[in-house]
Amino acid sequence: MAHILVYLQRTPQGLHPASAVALCLARDLGSERGATVTAMCAGDAGELDRAMVSAAGRHGADVMVFCGPGGIERLQQRLSPVHTLVPWTAEGIAAASGLVSGAAIPRWVDARRPDWGSPDATSGVVAGVLPWHDFDEQLEAEYQGDVDQVPMPAWVAEVPPPVGAGGTDRLIIGEPQLRYVAPDAIDHELRAKLAAVGAKPTRVEDVALATNGHTLWLQPGAGPLPDALAHRGPGSRVLLLPGPDGTLDATWALADWVLPGAWPDVLAALQTPAWRRALT
9 MAHILVYLQR TPQGLHPASA VALCLARDLG SERGATVTAM CAGDAGELDR
59 AMVSAAGRHG ADVMVFCGPG GIERLQQRLS PVHTLVPWTA EGIAAASGLV
109 SGAAIPRWVD ARRPDWGSPD ATSGVVAGVL PWHDFDEQLE AEYQGDVDQV
159 PMPAWVAEVP PPVGAGGTDR LIIGEPQLRY VAPDAIDHEL RAKLAAVGAK
209 PTRVEDVALA TNGHTLWLQP GAGPLPDALA HRGPGSRVLL LPGPDGTLDA
259 TWALADWVLP GAWPDVLAAL QTPAWRRALT
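Going by this note's numbering, the letters in the sequence shown line up with residues 9 to 288, in that order.
This is how it looks when you write it as structure tokens:
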């Protein structure tokens, strides 16, 4: 049987958006081609990993494995997957760096059916949409024997365990806490739309120091993102808005989402219930 392997990246908010989108893409490919979707996550974060298992089943995985050091390489050797999908982040790129299938090639999933076609042997997924699958699937996770040898980031010990049996339910849905960075030349109408979604202006240096919340980064075209964003806290997410002419740039690894389209249209979409839940 054919296999598709997906790397899951933890964050303080749960599964990284690019891993969630990668799972949905893998599920569609797997259903079309009769392939099994195996989700893998490095190490053991205890109770926090209930959220990983829940998200894996919800977004389309058939199998969930928590791996020790080099686990993704071992799984690839064992399964010989037709595709390996990782998030296009520093962690995902590093995880794929030693794979026999080659380094990850960045791919922007800006629609359920992206126009670039089928994934590569190893693809780095940039999330341009919300995950589109929401299955009621409960998985039993497999743990490799050396899973405890993977060091966990410091925030794992600081984040409270998820509430709810599924590991991802929230007791209170609040208003999204947003800030934005934009060119000085944006017009008053766009500033009003940013205010309407609750976004407040901030400085680049403040985003680099942020420990939580979400930043809308309005930057037309491709243009590299500043290296300073790599130093922001693990609970701080960046949504890059490159406008209708955005083209993929390697520095998009510093963003959590890259949302296509004209800025007013994207801001309108962010006010929908699905996006408000994602940003809370």
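We put the CB at the ideal spot given by N, CA and C, even for glycine.
With a minimum length of 3 residues, the unbroken runs of beta strand (DSSP E) contained wholly in the segment 219-285 fall at 220-226 and 243-249. Nearest neighbour of residue 39 by Cα position, chosen from 226, 12 and 214, turns out to be 12. Contact annotation: residue 263 and residue 246 have beta-carbon atoms nearer than 7 angstroms.
Looking at the DSSP output, residue 47 bridges to 14 and 72. Contact check for residue 43 against residue 69 fails: the beta carbons are separated by 7 angstroms or more. In its chain, beyond the 5 residues on either side, 14, 93 and 133 have a beta carbon closer than 6 angstroms to the beta carbon of residue 30.
Minimum Cα-Cα distance from residue 129 among the listed residues 107, 140 and 63 corresponds to 107. Taking a cut-off of 8 angstroms on C-beta distances, the segment 19-28 touches the segment 94-103, as three or more cross pairs fall below it. Proximity to residue 78 across 252, 219 and 159 peaks at 159, based on C-alpha coordinates. In the three-state reduction of the DSSP assignment, residue 24 falls in the coil class. Counting every other CB atom within 10 Å of its CB across the protein chains shown gives residue 54 a total below 16, marking it as exposed. Collapsing the DSSP output to three states places residue 140 in coil. The three-state reading of DSSP puts residue 150 in strand, counting E and B together. For residue 113, the three-state secondary structure derived from DSSP is strand. Taking a 10 Å sphere around the C-beta of residue 208, we find fewer than 16 other C-beta atoms and assign the residue as exposed. The secondary-structure analysis by DSSP pairs residue 131 across a beta bridge with 93 and 113. Of the residues assessed, residue 238 falls on the exposed side of the cut-off, its CB having fewer than 16 other CB atoms within 10 angstroms.
When C-alpha distances from residue 150 are compared across 75, 221 and 85, the shortest belongs to 75. In terms of Cα proximity to residue 65, the closest of 34, 161 and 91 is 34. When the beta-carbon positions are compared, residue 265 and residue 119 stay at least 7 angstroms from each other. For residue 217, the uninterrupted alpha helix (DSSP H) segment begins and ends at 212-217. With 16 or more other CB atoms across the displayed protein chains lying within 10 angstroms of its CB, residue 37 is buried. Taking all protein chains shown into account, residue 196 has fewer than 16 neighbouring C-beta atoms within 10 Å of its C-beta and is therefore exposed.
In the DSSP assignment, the residues bridged to residue 208 are 187. With fewer than 16 other CB atoms across the displayed protein chains lying within 10 angstroms of its CB, residue 144 is exposed. Straight through space, the alpha carbons of residue 113 and residue 256 are spaced by roughly 11 angstroms.
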